[in-house]
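Residue numbers (the numbering used here): 176 to 702.
Following: one structure in structure tokens, then a few remarks.
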């Protein structure tokens, strides 16, 4: 009995088989949870938070689903992490990466049950992953040189990414939006300069891409509604000091007249500040903090458009887009870079008025305005669009493209199988298992569409024995189809990330042979 008392009272440990079981089961449960969202016919999940407001999220994005779960199982946490990383790194494939890792573990569990050492399995997985990656590398298509073809590749990738999301009905429309937006970035993967504004109302089809920059603010009263050839000063400074704010200040005066004098002095200071700002030769002043009536009046007199309370995001983006700096002192106008744009005007979207800057200095920036029936639809549309934008911006840099629809998995599985036949020893069993796990992805895509997956996959496997085969699962017609004709393609970078992350995650979970849970720290009574 004495030997058990190494740990504190509430700590527990699980050894060997039990620990491995716990991690396998947890990981597979997570994989099964997001499994149904895979593919064009994948279903969505409703996530309801138990906090105040009972917020409801309807989503199809693997990473979003897993982020919102509170999980106790340590192995499941590893899977949640890889889907997050996948989301940050390439933006799409968040579901596939979890499903693949889950399938690898499912296969590994069978192997461990037949007394094969986990390290042997890991070595086999390593070889198989390398082999699968090389198989893909041989099959990639790169159309970077031919702009027309490359654009159609991008459109196809965007449509493939969107086809499993809520936007699948209008995917041509949104794919065009996404490709236009990313092409404007000219190869940077910084998605900051693509702004997405969500306005409820209308239908998803009414969404559009705007060349300029849209600030979600109204234009003040008595100010010019439209300015051509604008010079913009973007600032972050307090414009509310012309009234005496008696909050924390104690001012001792002997008569009311003195208070008036102090106020007048403050007003003068304010006027000087405004004069300095006007001295920059601007006709539009955007401030992050609020602007009181008095300075606003002065600006209106000078014919300057003053916009207050532009939130921080707006300010940073505006400075980025118009090529200006954010200023907070105005003493030497020559050192401040002003922003420029051709036209500032007020536009209406739905019932909201917004300020629209067009013809901005940086041609890279643009705004996508999403319209939709409700907030939930808009949030999900934004997530889907963000996925597409991430994938596209990665593809512009690394322009290698593969076909989609379970085609890459079949190609990899075929090569990995061939490798298993050549490899001597127990490793070959692990390599075979890897190829079975790869086949699970097209199987699940077919299952989610309610097709006979076993039949389809065996047909596909036969097709893939031919040279230069382009067959994949065509979910729409419910049969094996030609992915090249259908224009279903995916980015190589996404597939590679899925393959490598899921192998590593599976490996990590396989290595576990003991789970130790620490005792919680006791809270001493402070009384």
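All C-beta atoms, glycine included, are put in the ideal place defined by N, C-alpha and C.
Since the model is a prediction, treat every value here as computed from it, not as a measurement.
Item, Value
"Helix, strand or coil at residue 177 [DSSP, three-state]", "Interpretation of residue 177 is limited by its pLDDT of 48, a score under 50 that renders its predicted location unreliable; no figure is taken from the coordinates."
"Validate contact between the segment 477–485 and the segment 504–513 using beta carbons, cut 8 Å, 3 pairs", "no"
"Cβ contact (3+ pairs, closer than 8 Å) linking the segment 676–691 and the segment 194–201", "yes"
"Residue 309, DSSP secondary structure in three states", "helix"
"Residue interval of the beta strand (DSSP E) (run including residue 578)", "575–578"
"Chain-order list of residues whose beta-carbon lies under 7 Å from that of residue 494 (same chain, five-residue window excluded)", "409, 500, 501, 514"
"Uninterrupted beta strand (DSSP E) stretches inside the segment 436–492 (no shorter than 3 residues)", "459–462, 480–482"
"Collapsed DSSP secondary structure at residue 183 in the structure displayed", "coil"
"Simplified DSSP assignment, three categories, for residue 516", "strand"
"Any 3 or more C-beta pairs closer than 8 Å across the segment 364–381 and the segment 592–608", "no"
"N- and C-terminal bounds of the alpha helix (DSSP H) containing residue 583", "582–597"
"Own chain residues within Cβ distance below 6 Å of residue 575, not counting five before or after", "315, 317, 667"
"Reduced DSSP secondary structure (H/G/I, E/B, other) of residue 548", "coil"
"Buried/exposed call for residue 176, threshold 16 Cβ in 10 Å", "With a pLDDT of 47 at residue 176, under the threshold of 50, the predicted position of this residue should be treated as unreliable, and no value is reported."
"Residue burial classification, residue 466 (beta-carbon count within 10 angstroms, cutoff 16)", "buried"
"Spatial neighbours of residue 589 in its chain, beta-carbon cut-off 6 Å, leaving aside the 5 residues before and after", "639"
"In DSSP terms, what residue 632 is bridged to", "BP columns for residue 632 are empty, so no partner."
"Among 686, 270, 629, the one whose alpha carbon lies nearest that of residue 293", "686"
"Residue 278 burial status per 10 Å Cβ neighbour count (16 or more: buried)", "buried"
"Among 665, 654, 603, nearest to residue 569 - alpha-carbon criterion", "665"
"Outcome for residue 347 when other beta-carbon atoms lying within 10 angstroms are tallied against a minimum of 16", "exposed"
"Distance, residue 391 Cα to residue 490 Cα", "11 Å"
"Short Cβ contact (8 Å threshold) for residue 584 with residue 631", "no"
"Counterpart residues of residue 375 in DSSP-defined beta bridges", "547"
"Length of the line joining the Cα atoms of residue 339 and residue 212", "8 Å"
"Residues bridged to residue 654 [DSSP beta-bridge criterion]", "649"
"Boundaries of the alpha helix (DSSP H) in which residue 624 is found, first to last residue", "From DSSP, residue 624 is part of no alpha helix (DSSP H); its letter is neither H nor E."
"Stretch-stretch touch, CB-based, cutoff 8 Å, three pairs: the segment 288–308 with the segment 236–249", "no"
"Delimiting residues of the alpha helix (DSSP H) encompassing residue 261", "249–264"
"Contact between the segment 653–664 and the segment 253–266 (3+ Cβ pairs under 8 Å)", "no"
"Candidates 232, 187, 205, 366, of which the one nearest residue 266 by Cα", "366"
"Top-ranked residue by Cα proximity to residue 298, from 695, 698, 682", "682"
"Cβ-Cβ distance between residue 556 and residue 564 below 8 Å", "no"
"Residue 275 versus residue 351 - alpha carbon distance", "30 Å"
"Integer-rounded CB distance, given that residue 645 should sit under 8 Å from residue 657", "5 Å"
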